[in-house]
Amino acid sequence: MIVKFACMKEFARLIFPYGLLLFLLAGASMFFGADTPMTGFMFSGLLLALAGVALIIGRAAKLPMAIVAGLALLALFIIYDIVAGRLALAGPDYAVLIAACAVFVLSEMSARKFSDTSRMWQLMLAVFLLIGLWAFIDFAVNPEFIHGRPRPYHQDRLSAAFLSANTAATFFGVAMLAAAATILRALTKIVSLHPITLIESLFRHATIGVMTFMFAAVCLLLTASRAGLAFSFICLMILCAWDFFARRGRASEVSGMSTKWTIALVVGVVVVLGALFWVISGDVAGARYADLDEDANNRFVMYSAYWEAASEKPLMGHGLGSFSTVNNMIMTADNAHILATQGAAHNIALQWLVQTGWVGTIAMLSVLALIIRTIAQGLAQRRRYKTYLRATLIISLFVLFHGLVDYALEIPGFMWWFVCILGLGAGIAQGSARTVSQAPSGS
């Protein structure tokens with residue numbers, strides 16, 4: 007009876023608030039990324055309400071330092087915009103950013119309090135898998151429509167409910183890397199390289215991870231995002247190499263299979279699956295690389311224009327929510343054919359420089375650096391779940407790399423997912439601070 011009660015208590019902790027958080031994030035992803043003022047306010051309000059209830063019930067003693075710093079900076083910018091008379095335009099963006107703080111608090115608090123981190127990670131992968139399944143089926147059945155409405159663009163590329171194939175590529179790249187972490191942990195339990203035993207072991211120890219990885223990889227290819235494909239593959243190789251070499255040639259926990267054979271196995275599987283998925287995608291992905299030169303020239307024109315716009319107000323920027331106004335102001339006869347259809351700078355650094363200046367951009371990077379530092383410290387200290395911490399850092403690298411050429415971080419429905427993973431990483435790192443590692447690096 008006591009054991010049953012303990013299990014029910016653990017299940018309740020998994021569902022509230024973490025399960026509800028994932029439910030809201032999935033809803034935002036399916037609701038066109040919550041990329042309108044109305045949906046942004048709606049999901050921001052729900053996330054803030056969930057965080058408020060969770061903090062009250064959980065009796066949280068204090069907020070994470072990064073969140074305290076982030077909220078303080080947001081408060082200063084809100085005051086500045088009130089004085090400047092531009093708060094109404096910036097309101098939706100502030101709501102989304104404050105909600106991001108709530109997402110971080112919820113995921114970080116859940117990871118610190120829940121004893122089985124693997125279940126939390128797998129629950130997140132299950133949500134990724136459901137979104138990937140829906141996106142794949144939706145694209146296969148009728149790629150020209152979404153939720154019964156015509157897609158405005160990218161009709162020949164998978165874009166899920168984000169409408170942008172490039173944003174979908176960032177999302178599925180993150181899902182693939184997160185799934186890879188579960189597979190890497192499962193590889194330590196492989197007892198033989200025999201194909202049947204290998205497949206059986208992977209599916210037994212990482213069923214959700216394998217399925218999520220495969221569907222995320224297929225969806226990623228069907229987005230035909232050149233940068234998304236390149237950066238995700240590079241980051242996957244980095245994650246695999248880092249995780250294996252961190253074991254320093256240590257034998258498998260069960261089988262005694264050496265690291266070099268495990269590396270060869272993973273590289274071989276990734277190459278074979280990559281080639282297979284590329285063939286399955288047909289010429290959707292390959293044809294996109296033929297237009298690389300033209301797109302690179304267009305990006306150069308865009309970046310030059312937005313850099314000049316940022317230079318006009320270098321300190322505090324033009325204000326959050328001002329991008330469309332600024333875009334119209336800097337449009338000329340020479341660049342109108344490129345800028346007229348843009349809703350973002352396709353570069354997160356330039357986007358923030360234009361809207362918040364150097365002060366806001368440096369502040370944002372400083373908050374991110376605090377979070378990364380916490381995760382890195384946990385990676386150096388803890389004995390278990392180190393693969394998840396490595397994956398969190400590599401996911402951050404991937405998102406920032408892709409953010410230099412695209413705008414997924416400007417979409418609330420994706421940005422909140424990224425913040426959720428950062429919160430998980432920070433919570434995992436801090437939740438086991440009491441288990442300081444004296445042993446070799448583990449999984």
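Take any residue in the sequence shown, note its place counting from 1, add 6, and you have its number in my numbering. The beta carbon of each residue, even a glycine, is placed where N, CA and C say it ideally should be. Every value quoted in this text rests on a predicted model; they were computed, and no experiment measured them.
On the three-state DSSP scale, how would you describe residue i?
i	result
Pro23	helix
Ile417	coil
Phe37	coil
Arg388	strand
Val411	coil
Lys195	coil
Ile88	helix
Lys119	helix
Gly262	For Gly262, the predicted structure reports a pLDDT of 45, less than 50, and the residue's modelled location is therefore unreliable. A value from the coordinates is still provided. Coil, per DSSP.
Thr380	helix
His160	coil
Pro320	coil
His343	helix
Gln348	coil
Met337	coil
Thr42	coil
Pro70	coil
Gly325	coil
Arg305	helix
Arg253	coil
Leu82	helix
Leu93	helix
Leu169	coil
Ala212	coil
Ala223	helix
Ala108	helix
Ser124	helix
Ser231	coil
Do you know how far the Cα of residue j is from the Cα of residue i?
i	j	result
Leu112	Leu69	10 angstroms
Ile3	Gly366	Look at the range of the chain in this structure, 7 to 449, and you will see that residue 3 is not part of it.
Thr213	Ala186	12 angstroms
Ile368	Ala375	10 angstroms
Ile400	Arg253	17 angstroms
Gly215	Ala175	18 angstroms
Trp248	Arg396	8 angstroms
Ala3	Ser207	Since the first residue of the chain shown is 7 and the last is 449, residue 3 is not available in this structure.
Phe404	Gly234	9 angstroms
Phe329	Ala96	10 angstroms
Ala55	Leu135	27 angstroms
Ile427	Phe29	15 angstroms
Gly349	Thr331	10 angstroms
Gly58	Ala302	45 angstroms
Gly33	Met308	32 angstroms
Met44	Trp358	22 angstroms
Ala141	Leu385	34 angstroms
Ala101	Pro149	32 angstroms
Leu94	Ile434	In the sequence on display, residue 94 carries Ala and not Leu. Cα to Cα, the separation comes out at about 38 angstroms.
Ile336	Ile344	12 angstroms
Ala342	Leu193	52 angstroms
Ala78	Tyr86	13 angstroms
Pro446	Lys392	Since pLDDT at Pro446 reaches only 44, below the 50 mark, its modelled position is unreliable, and no value is offered.
Trp423	Met322	27 angstroms
Ala167	Leu227	16 angstroms
Trp364	Ala315	13 angstroms
Arg232	Tyr394	26 angstroms
Gln161	Asn172	13 angstroms
Ile378	Leu415	17 angstroms
Looking only at DSSP bridge pairs, what is residue i linked to?
i	result
Ile152	Arg155
Cβ-heavy atom distance between residue i and the ligand MG below 7 angstroms?
i	result
Phe120	Absence of the ligand MG is noted for the structure shown, with no ligands found whatsoever.
Thinking residue i and residue j are a contact (beta carbons under 8 angstroms), I'd like their distance in whole angstroms, please.
i	j	result
Tyr413	His352	6 angstroms
Phe420	Gly25	That belief does not hold up - the Cβ atoms of Phe420 and Gly25 are roughly 20 angstroms apart, past 8 angstroms.
Phe178	Thr362	The pair is not a contact, with the Cβ atoms about 29 angstroms apart (cut-off 8 angstroms).
Val373	Ala106	Contact flag wrong, Cβ pair sits at about 10 angstroms.
Phe219	Met182	6 angstroms
Ala117	Gly437	6 angstroms
Ala222	Gly138	5 angstroms
Phe110	Ile73	6 angstroms
Ala184	Met130	7 angstroms
Asp144	Ile417	Not confirmed; about 18 angstroms, so no contact.
Phe237	Phe407	5 angstroms
Leu53	Ala108	5 angstroms
Leu164	Cys225	6 angstroms
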